[in-house]
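Residue numbers (the numbering used here): 27 to 127. Every residue, glycine too, gets a C-beta built ideally from N, C-alpha and C.
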Amino acid sequence: MDTLAEISLGKPLAAVAVSPNQRLIAAGGRDILKILSINLDGFSITCNLQKGLNRNNQKVLSNFCVNDLDWSTGEQSFLAAGMSTGAVLIWDAARCAEAAR
Numbered sequence: 027m028d029t030l031a032e033i034s035l036g037k038p039l040a041a042v043a044v045s046p047n048q049r050l051i052a053a054g055g056r057d058i059l060k061i062l063s064i065n066l067d068g069f070s071i072t073c074n075l076q077k078g079l080n081r082n083n084q085k086v087l088s089n090f091c092v093n094d095l096d097w098s099t100g101e102q103s104f105l106a107a108g109m110s111t112g113a114v115l116i117w118d119a120a121r122c123a124e125a126a127r
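This is the structure we're talking about:
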């Protein structure tokens, strides 16, 4: 079977999740958490969620490692990340896309 699309994010990934509408992919691991758009040409990076964390999240930032990702089926733009620190972080991908414009 041929690969339909490929993108390198430059770091090993521990978790990948496809959004309920199948238009976005979340990918995360140690020192990486990005949202990718799925389009006819393949993938494009929509948002770097790690860079969106503020300095108040020092515990999360100092040991940033995503263990698991899951999209909400109710509020389809919400993404939850289980972190190695024991924290659960939730983002609204719709707000991230608005900020990128």
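- Query: Taking residue 155 as the reference, which of 99, 122, 111, 110 has the closest Cα?
  - Reply: With the chain running from 27 to 127 in the structure shown, residue 155 is simply not present.
- Query: What residue range is occupied by the uninterrupted beta strand (DSSP E) comprising residue 116?
  - Reply: Unbroken beta strand (DSSP E) run through residue 116: 114-118.
- Task: Counting only the same chain and skipping the five closest in sequence on each side, list residues whose C-beta sits under 8 Å from that of residue 34.
- Result: none
- Spatial distance of residue 143 from residue 64 (CA atoms): Residue 143 lies beyond the stretch modelled for the chain, which goes from 27 to 127, so this question has no answer here.
- Alpha carbon to alpha carbon, how far is residue 38 from residue 59? When rounded, the separation of the alpha-carbon atoms in residue 38 and residue 59 is 11 Å.
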